[in-house]
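K.L.:
Chains as they are written, first to last, in UniProt numbering: chain A, 1 to 291; chain B, 1 to 291; chain C, 1 to 291; chain D, 1 to 291.
1) Using DSSP with H/G/I as helix, E/B as strand and the rest coil, what is residue 232 (chain C)?
2) Roughly how many angstroms separate the alpha carbons of residue 232 (chain B) and residue 280 (chain B), rounded to a whole number?
3) For the segment 250-269 of chain C against the segment 214-227 of chain C, do three or more pairs of beta-carbon atoms, one drawn from each stretch, fall closer than 8 Å, so that the two count as touching?
4) Within a Cβ cutoff of 6 Å, which residues of the same chain sit near residue 106 (chain C), ignoring the five residues on either side of it in sequence?
5) Listing by chain order, which chain D residues have their CB less than 9 Å from the CB of residue 258 (chain A)?
6) Going along the chain, which unbroken runs of the alpha helix (DSSP H) with 4 or more residues stay wholly within the segment 82-165 of chain A?
7) Using the C-alpha atoms, what's the distance from residue 193 (chain C) back to residue 96 (chain D)?
8) Straight-line CA distance for residue 221 (chain C) to residue 123 (chain C)?
9) In or out: residue 104 (chain A) buried (at least 16 other Cβ within 10 Å) or exposed?
10) Please work out which residues of its chain come closer than 7 Å, Cβ to Cβ, to residue 230 (chain A), disregarding the five sequence neighbours upstream and downstream, and give them in chain order.
11) Between C:6, C:145, C:128, which has its C-alpha nearest residue 79 (chain C)'s C-alpha?
12) Going along chain C in order, which residues have a C-beta closer than 9 Å to the C-beta of residue 82 (chain D)?
13) The alpha helix (DSSP H) with residue 265 (chain B) in it runs from where to where?
14) By Cβ distance below 6 Å, which residues in the same chain neighbour residue 219 (chain B) in space, the five residues on each side in sequence not counted?
15) Does the beta-carbon of residue 163 (chain D) have 16 or more other beta-carbons within 10 angstroms, so that it is buried, or is it exposed?
16) Along the alpha helix (DSSP H) that carries residue 221 (chain D), what are the first and last residues, could you check?
17) Between residue 156 (chain B) and chain A, is any beta-carbon pair separated by less than 8 Å?
18) Give a yes or no on whether the minimum CB-CB distance between residue 252 (chain A) and chain D is below 8 Å.
19) Which same chain residues end up closer than 6 Å to residue 4 (chain D) when comparing Cβ atoms and leaving out the 5 residues on each side of it in sequence?
20) List, in chain order, every chain B residue whose beta-carbon is nearer than 7 Å to that of residue 214 (chain A).
21) Measure the C-alpha to C-alpha separation of residue 169 (chain D) and residue 92 (chain C) and round it to an integer number of angstroms.
22) Can you look up residue 200 (chain A) in the DSSP assignment and give me helix, strand or coil?
23) Which chain D residues sit within Cβ distance under 7 Å of residue 108 (chain A)?
24) Let's test the definition: count the other Cβ atoms within 10 Å of the Cβ of residue 44 (chain C) and tell me whether it reaches 16, buried, or not, exposed.
25) Can you tell me the Cβ-Cβ gap for residue 172 (chain A) and residue 251 (chain D), rounded? I've got them flagged as a contact below 8 Å.
26) Round the Cβ separation of residue 153 (chain D) and residue 130 (chain D) to the nearest angstrom and send it over; I've been treating them as touching at under 8 Å.
27) Report the start-end ranges of each beta strand (DSSP E) in the segment 50-83 of chain C that is 3 residues or longer and not cut off at the edges.
28) Since residue 2 (chain A) is in the alpha helix (DSSP H), which residue starts that stretch and which ends it?
29) Whole angstroms is fine: what's the gap from residue 292 (chain D)'s alpha carbon to residue 216 (chain D)'s?
30) What residues are listed by DSSP as bridge partners for residue 45 (chain A)?
31) For a contact defined as C-beta to C-beta under 7 Å, what are the partners of residue 331 (chain A) on chain C?
32) State yes or no: is the beta carbon of residue 30 (chain B) nearer than 8 Å to at least one beta carbon in chain A?
33) DSSP three-state call for residue 272 (chain C): helix, strand or coil?
34) Which residue comes first and which comes last in the alpha helix (DSSP H) that contains residue 14 (chain B)?
35) Output the boundary residues of the alpha helix (DSSP H) element that contains residue 281 (chain C).
36) With H, G and I counted as helix, E and B as strand and the rest as coil, what does DSSP make of residue 195 (chain A)?
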């Protein structure tokens, strides 16, 4: 199975490497070709342009956002270079809007579109332990399952319609953001009453809230440790906005998402946009006069 | 150490029983004396009136709410019956307002007031595995630590001021409510996109959200299983309101708490007040036209 | 008709004066008696204690808040001094809770309780042009209508239950607060786009929003002129909280009220509590990075 | 001055007619040409295609939304048909995004772009009494002022950047939506307390809230008279969303806009999308159990 991989950022690079190590023949493309060097050294074929992936049976993209994905895959001709019957797997977090556009474009070309965004950061990607959230034609999902088995510890299937996977990914990121906001608000509440936020968070995560997400974000908030950014606050706003769009499509009011949007905007206005998104907790602290 | 225990509801009864089994001499009082019978059969002394606890060294109350606590302990004379130097431990979830009032009343009588609300429901109380959130004079906390060791698996200390423990308890309940609301909103979002909420929740709780609280409430919401009520929705509104009051005292805006309040009120207006508070998820479902 | 007037603050003083000028025999009481001097010079009888109003047929109070009203009228014995058949008119903005308590206390004594909060500030009170929002027994309202005719330009009747008038007053103050918040948000929006808020507000108030309330608050916000305080921001928070309580009694979610509460708290945390409540607009400006 | 007018809907038709009556030479285009007949009968020249406006010195469009404006003016070649130096006036309510795109497209062609959305409905347009909110190059605004003088009672100038006019228009529509929501919430509050909303609204609009907007929307809400739709609820959601986008561009949190968005979505989910946008008040009524 000849695979092409477009987008060799911090996530894409280790993912492509894992496929290479698993023995797949890989063609790679990245906007700045330097990122491809280690892969090329290990046997990957370098594409100069997106359209050079012609001949690939399976194409995976892990590109930064909607606009870049659209540009690389459609405008720069990556999809047009493929033969009918190929599978295109988009593993980035994108909007439902883009998902529809890409699926429809693929459909006209006889290409099978699979949405497969992932849960897990760089180290998880490197270990091949991602959780892969998929939606698309069941036959095609079976066909590329070996690829997913290399990249992730588990593949989840949410339906035949690619939007279903992007919706689930956006819902999961929304859930993460609600954790940050709720810890931020309660940390401000207890701090205002003279209690160390870390004592409160330690108690929570030792009892009912013993999930990694509370431990990680709780720890960062208690220590106000917002650099380096695991996930930038500006990206948090983007994902909440995409979740709101997915919700609006089906008439789902999401008041927590609305609070998140306003608070992310507040954080960016105060200059925190490049911090880790857990710095959303600064908003509660500032508004309470605690900073 | 002679202990008095007032309030033998679903939580108070097993707690008092554990103290009895641990060998303490216990006087018990309950509004309807029938609840005291099993304890009396096992050796507890029955008080006809709250003031009959006179002579106790340590008094524990686990009464339903602010008004009843005030009535039993002050109006009906329980505290007046105690000798200076006694310790009064209030283990119920009450407002900071009441905490201040009780602490001040005790202080005038030379009684030591300890706030010690708990995390854990009936089965946890029965197993002596509560998490006990305390605040009060350190010396007095050390004095009653053996009592806490019988009732709970762990005692947490949040400061010398009793309000600090009630604030922490209210913050913890706020956190629980945010879990319910966020799961409710995202369950509506995915359901509106044709995805089974249980598949979504199963994925979440198998990955980043592997805490008991997400498993329990997520499961209830996925199955719309809101009876029997582990914790009634009307009590959820009450606790969010108390958290808001604690926040307002120190000028802490809590926009998630505000959303929770409005949604709890909505739920009660639709007749869901006696369901488990995870039925808050019905609000998102109804507002999205999914019910 | 012998009238007693308790509470001679900035509103009470001109109101009592108008009654005196209209020829009524007036007994007056105020916490600090100095405020009574001008009235006494004009013929009012000074009461040393609230209970000295004994013998009055109609009692009016215009006291600062719930606690003081309760203290003066009940604890200090003003109501107890009255004969059955007297009318007690509470013209201050108080909670529905206090309204119920006072009405019930009066009812036991055979006193007729009328809630009659007012719209209008000091100058309006002085001119006898208040709008008086009443609820109570229709017969008694007719009986005291001549008094209202002196104090106000118009008397509005909202029902037989005194809570209905306090609810209307709280709803009106909520409406005023929404005007301030909406002007504050849109002023921040246009300012962030390089438009002078005063140009925007001038356009609005010259067209669809040609009401006094938009002109007054819009002007203050455009000029950031928040002193002297016509109505203190801390009182704005209090009234929004009372509106929320009135709403919660009948299961009415009010998400705009929730936003107002959080933003008033934010304003107070930043030190703006003593400014005019239109300084709520500072919250939008600060959160947008415009201050 | 040869003028072209594209978009002869309920607003465009009377506006074009006024220009004709004022003696201008007008070319008109509409998707369905039938709407142009009365104008052609009165002397307007009918364009078969948007590009047939070639030769016009001033072009006005009043098209339904962003997508149609983009399609007619760019894709179908209206702008390409113009000579450098022409002025294009967009009088519809569109997004800042589209405003930027159109302005940049015009700039490349040497066409002067003016944003000039209006306040006022059909009858106001027919009477030539619109309020016209403009932004663009001051020289060009002076050049077309005679045109605005025909269409409106007053022209407001908000800056040189066309986005400034679209931002002001979106801010004004946001303000209108806040009026509807605040009346809706307080109407629910008073109704739940047994007070007729119409009595409450009558009092408000006779006193502090004596603006047309409160009278109109207040009356509709009091009588639950939501058809015929003066402005459809779905369009209300669209405009709030555009206001949120304009706010996000400059980092302005707008929590009232967030509440509006969620409530408009709720209304649409319950089937009220085609009612007048004042039917937003149904959301408060339903959530309070009053419907």
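Idealized CB from N, CA, C, for every residue including glycine.
P.N.:
Looking at the atomic coordinates:
1) strand
2) 10 Å
3) no
4) 88, 113
5) Chain-order list of chain D residues neighbouring residue 258 (chain A): 255, 257, 258, 259, 261, 262, by C-beta distance under 9 Å.
6) 96-109, 122-126, 138-151
7) Looking at the two C-alpha atoms, the distance is approximately 11 Å.
8) 21 Å
9) exposed
10) 121, 276
11) C:6
12) Taking a Cβ-Cβ cut-off of 9 Å, residue 82 (chain D) has no neighbours in chain C, whose nearest Cβ is about 28 Å from it.
13) For residue 265 (chain B), the enclosing alpha helix (DSSP H) begins and ends at 255-269.
14) none
15) buried
16) 212-223
17) So yes, residue 156 (chain B) belongs to the interface.
18) yes
19) Around residue 4 (chain D): 27, 53, 56, 59.
20) 211
21) 40 Å
22) helix
23) Those do not exist, as residue 108 (chain A) stays about 20 Å from chain D at its closest Cβ, beyond 7 Å.
24) buried
25) The pair is not a contact, with the Cβ atoms about 26 Å apart (cut-off 8 Å).
26) 7 Å
27) 58-61
28) No alpha helix (DSSP H) holds residue 2 (chain A); the beta strand (DSSP E) holding it covers 2-6.
29) The structure shown does not extend to residue 292 (chain D), since chain D is modelled only from 1 through 291, so no value can be given for it.
30) A:27
31) Since the first residue of chain A shown is 1 and the last is 291, residue 331 (chain A) is not available in this structure.
32) Taking a beta-carbon distance threshold of 8 Å, residue 30 (chain B) does not count as an interface residue toward chain A.
33) coil
34) 12-21
35) 281-287
36) coil
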